[in-house]
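Here the structure is laid out as structure tokens; the discussion comes afterwards.
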Amino acid sequence: MQRPFKTLTLLSLAAIGSLGMAAAQQPRVQGPTQVNENYSLVVRTIEVSGNQRIEAGTVRSYLPVEPGMQVGSLEIDNALKSLFATGLFEDASVVFDPRRGVLEVEVVENPIVNRVVFLGNRRTDSDKFEEEIQLEPRAVYTRAKAQADAQRIIEVYRRAGRFGATVTPKIKRLEQNRVDVVFDIDEGPRTGVKAINFIGNEAFSDAELRGAILTAKSKWWNFFESNDNYDPDRLEYDRQLLREYYSKNGYADFTTVSAVAELTPNKEAFIITFTVEEGPKYTFGNVDVNTTLSKLPGRALRSRVPIRTGTTFNSELLEKSEESLTFAAGFAGYAFVDVRPRLDRNPETRTVDVTFDVNEGPRVYVEEININGNIQTLDHVIRREMRIVEGDAFNRVLIDRSERRVKGLGYFSEVTVEEQPGSAPDRTILDVNVVEQPTGSFQIGGGVSSNDNFIFNVSVEQANLLGRGQYVLLNLQAAQRTTQAQLSITERYFLNRPLRAGASLFLNKTDFEEAGFVSESIGANFNVGFPASEYSSLLLNYGLRFDNLELTQTIPFNMFADDGETPEFQGTELDDEGNQVVVDVPIDEFLVDGTDFEIIRDLILDDAGAVEQQGFIRTDQCNLESQQRNLNCDRNGEFLTSQLGYTFNMDKTNDPIVPSSGFNLSLSQAFAGVGGDVNFHRSTLRSGVYRRLPYNLIGSIKFNGGYIDSFNDDGVRLNDRFFLGGNRGFRGFDVAGVGPRLFGSLATGRFRGRGQSIGARAYAIGTGEILLPLPLPPSYGIRASLFVDGGWVGLTNDIDDELFNVESDRGNFFGPDSLPGGALGTDPFFNEEFYDVVLDDAGEPLTNTEGVLVYTINEEGQAFNTLQLDDPLQNGFDPRVTAGLSINWNSPFGPIQIDLSEAFVVQDYDRPQSFRFSAGSRF
């Protein structure tokens, strides 16, 4: 170990005194040999020793003594204090040699921190400590810093509810005067909250008040709760929350007398007790506005105040009134407005009279706007979202709007705007602090859904390309029923102007078996948008799409022709004598010349020729000779769609991600027929109103509606109609499970016995939803809501009757003898199959009927009636209502959604669905 130096502060004076006494006692020598010794107290030079890293000149600069100065005990003492004040030295000594006039300074440097190590922290990450402490690698180590950092670590544990934690700082000395700093931690038990009690509350129960504060009672099963421990800072915040809760509910005189936390005898938990004085409940009395603004009379401003006489006193309404008045004054040209509410309580009548004094305030201008924390995003991408610039008058409304716009970009996890004093009293500096979050992803993943079963997805996405705010997406997806490819790019500020421009190429192939068609589309979309106002925008778009539409039909078969490859069926015909006989008919005679089919399941026969596995073929419905009377086949094949459209968006919500107040609206219209083979006009409207409710609930009312029709009598093709249900806008129903359905011989698709969904021409759906508060951190990305969906879907017309040739099916039947194979059978892909059959009471087929009976064939091949319909085309614009629970999780693997619902008002031919699950798309 190094030997510590003794600090010598008076050594030089002692030496000087002894020399003086010796000179006085020495006999005076006469003659030339006499020597007169005089010693000076003036510093001639300063010598530094013991320094390793610090230059001698640097050490001298710390001293208050320079060569040529006289020194005494005071100067030497000050020199020592100056050296220790630097924090660079572990020990030091200052000695003055009067014989040579030399001030000798010897130092021992403090070591340099090599690394900081935390031991024993099993429940808390070291990163949290590193954010709090001062010591770090290459910093100068001092005992004072180590002790202060140990106390900071203890504070971290106390905030986490561990009041028994202890921290002991240690060092391990290394060569070259370096040390490893080790904090030895004993975390101790977690100190929870055993009980939260309230004294003096009469208007609200303890349970209601517990829901109003942040601190929560500890429960063994609630693993995700992070506020169930004692934190003094949080307790002070809880006092404020109680004040806000009572003041929002009429109690203007409420006070929290005390908030006491007592440690239980076993030192494992705290009992927190709030003592409150509620006071009387008030209502609003007279509400008035006094103003000195010449352009805005008080009567005009009064209409902007959302307070009504006689309603319960609410402090939130006071804040909203201040914002509303400030905004109204700013809109009228007053950039500097001072709005101050005066409250006059009337204890006798228990009313509060409110007077808002609106006057011109002191003029304050924005001197500077600083952008902090943007590591990737360029400054101008953020600044162009600001509604206020340097040199503008300070305006709180515009600053709040700017903060919401920057947050709405989706590039940052946190956005705050803070005010700092400027260079003069009428100047202010705005600091825009952002925390970047990942905006790009490369995803290879899969998932499952009720629609498509297994999904495989590959996508490359960047929402903030090179920090310039450009959006690029390349997406490839393959599923059992869909294949998609998309490449798109969007520039938010085209030509450095507030113009949104984008283009996309796409390829989609969908097997929409519920509607009995397969569509393949390839095309491109182009769009340009611009802001119509501060809260609205208009997007113009043009799309060119090439479609190939096939109406699919799946047919079972049980025999081959003589070649052993061509499917063959049994049918009946009349012989020469007029008798009905069974004949073998090859598939070619059922198809139009030149058309083909696909065997999707092989027929397997045993050695005796009996059927072991039924075969299936798949072909376009319009390839069948029997379907040539179906006018809808005219809508089959290849078509080119050229359409123009626009979308008008308005968003006045308080949060673009999870709104809790305000409203939004989106109106879209498209017009096809600008060239191409298809013509229609389509309109859709979406809107929502959001409001915060008691008990931390967020309520919303939404509307979703649409209408489509053709410009002439051509009708609307299947793939252009609205198919709702599943994840397509009406929860509680299967995919295409709600809306018009076609039954009878002209129904197509694999589930044609259940009715073919032909899509709706109009729908109107309203939704009431309540977002539930969950005991989970928002960073988990889990949301749950209760919902009620209700509306109307349908609206077919005479053109649809002609397209699907419904009139020819009325009065006819689709019986067992007309099925391929001559008998009803079971679907090998499902436990049961549905066929449209019309039988009389004796079970005989009817040749004329006023309705269609839908029969079900069970696993034993038995038929039983399930539904009686009055027409082959069920198209009533009838109401439906569903309700349930929806859970959404934005997981690291991709979005996951679960819907649990019940259909309360349905039509007989609808397809309700009580459970729906979807997940994907990355891992």
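For the sequence shown, this note's numbering gives the first residue as 112, with consecutive numbering after it.
No residue lacks a Cβ here, since even glycine has one placed at the ideal position from N, Cα and C.
These numbers come from a predicted model, not from an experiment.
Residues near residue i in its chain [Cβ-Cβ closer than 6 Å; skip 5 each side]
{"i": "residue 562", "result": "With a pLDDT of 44 at residue 562, under the threshold of 50, the modelled position of this residue cannot be trusted, and the question is left open."}
{"i": "residue 985", "result": "852 and 1020"}
{"i": "residue 248", "result": "224 and 226"}
{"i": "residue 595", "result": "588 and 619"}
{"i": "residue 201", "result": "219 and 221"}
{"i": "residue 180", "result": "154"}
{"i": "residue 808", "result": "881"}
{"i": "residue 804", "result": "810"}
{"i": "residue 435", "result": "415"}
{"i": "residue 637", "result": "614 and 653"}
{"i": "residue 299", "result": "273, 275 and 276"}
{"i": "residue 578", "result": "487, 488 and 489"}
{"i": "residue 989", "result": "1018"}
For residue i, the first and last residue of its enclosing alpha helix (DSSP H)
{"i": "residue 828", "result": "No alpha helix (DSSP H) contains residue 828, which DSSP labels as neither H nor E."}
{"i": "residue 240", "result": "237 to 241"}
{"i": "residue 597", "result": "No alpha helix (DSSP H) contains residue 597, which is instead part of the beta strand (DSSP E) from 593 to 602."}
{"i": "residue 493", "result": "490 to 494"}
{"i": "residue 186", "result": "184 to 196"}
{"i": "residue 168", "result": "167 to 172"}
{"i": "residue 578", "result": "Counting along the chain, residue 578 falls outside any alpha helix (DSSP H), and DSSP gives it neither H nor E."}
{"i": "residue 510", "result": "507 to 519"}
Boundaries of the beta strand (DSSP E) in which residue i is found, first to last residue
{"i": "residue 991", "result": "989 to 1002"}
{"i": "residue 846", "result": "Counting along the chain, residue 846 falls outside any beta strand (DSSP E), and DSSP gives it neither H nor E."}
{"i": "residue 282", "result": "277 to 285"}
{"i": "residue 402", "result": "394 to 402"}
{"i": "residue 341", "result": "Counting along the chain, residue 341 falls outside any beta strand (DSSP E), and DSSP gives it neither H nor E."}
{"i": "residue 268", "result": "Segment 254 to 270 is the alpha helix (DSSP H) holding residue 268; no beta strand (DSSP E) there."}
{"i": "residue 794", "result": "791 to 804"}
{"i": "residue 883", "result": "873 to 883"}
{"i": "residue 316", "result": "Neither: residue 316 is in no beta strand (DSSP E) and is coded neither H nor E."}
{"i": "residue 363", "result": "It is not in any beta strand (DSSP E) - residue 363 carries neither H nor E in the DSSP assignment."}
{"i": "residue 902", "result": "893 to 905"}
{"i": "residue 538", "result": "538 to 547"}
{"i": "residue 298", "result": "Taken as a continuous stretch (DSSP letters only), residue 298 belongs to no beta strand (DSSP E), as it is neither H nor E."}
{"i": "residue 155", "result": "Segment: none, residue 155 is in no beta strand (DSSP E) and carries neither H nor E."}
Residue i burial status per 10 Å Cβ neighbour count (16 or more: buried)
{"i": "residue 815", "result": "buried"}
{"i": "residue 187", "result": "buried"}
{"i": "residue 258", "result": "exposed"}
{"i": "residue 469", "result": "buried"}
{"i": "residue 229", "result": "buried"}
{"i": "residue 437", "result": "buried"}
{"i": "residue 860", "result": "With a pLDDT of 47 at residue 860, under the threshold of 50, the predicted position of this residue should be treated as unreliable, though the coordinate-derived value follows. Looking at its Cβ environment, which holds 16 or more other Cβ atoms inside 10 Å, residue 860 is buried."}
{"i": "residue 285", "result": "exposed"}
{"i": "residue 1024", "result": "buried"}
{"i": "residue 156", "result": "exposed"}
{"i": "residue 439", "result": "buried"}
{"i": "residue 368", "result": "exposed"}
{"i": "residue 1016", "result": "exposed"}
{"i": "residue 1026", "result": "exposed"}
Residues near residue i in its chain [Cβ-Cβ closer than 7 Å; skip 5 each side]
{"i": "residue 782", "result": "754, 755, 756 and 792"}
{"i": "residue 251", "result": "198, 199, 221 and 223"}
{"i": "residue 418", "result": "395, 398, 428, 432 and 465"}
Cβ-based neighbour list, residue i, same chain, cut-off 8 Å, excluding 5 preceding and 5 following
{"i": "residue 525", "result": "544, 545 and 546"}
{"i": "residue 987", "result": "905 and 1018"}
{"i": "residue 175", "result": "186, 189, 190 and 193"}
{"i": "residue 885", "result": "893, 894 and 895"}
{"i": "residue 603", "result": "580, 581, 582 and 611"}
In DSSP terms, what residue i is bridged to
{"i": "residue 1009", "result": "998 and 1028"}
{"i": "residue 500", "result": "In the DSSP output, where bridge partners are listed per residue, residue 500 has none listed."}
{"i": "residue 818", "result": "794 and 873"}
{"i": "residue 678", "result": "671"}
{"i": "residue 761", "result": "647 and 776"}
Exercise. Give a yes or no on contact between the segment 488 to 496 and the segment 423 to 442, applying the rule of three or more CB pairs nearer than 8 Å.
Key: no
Quiz item: Between the segment 340 to 352 and the segment 258 to 272, do at least 3 Cβ pairs fall closer than 8 Å?
Solution: yes
Quiz item: Is the segment 510 to 522 in contact with the segment 763 to 771, if contact means three or more CB pairs nearer than 8 Å?
Solution: yes
Self-check item: At least 3 beta-carbon pairs within less than 8 Å: the segment 275 to 284 vs the segment 317 to 324
Solution: no
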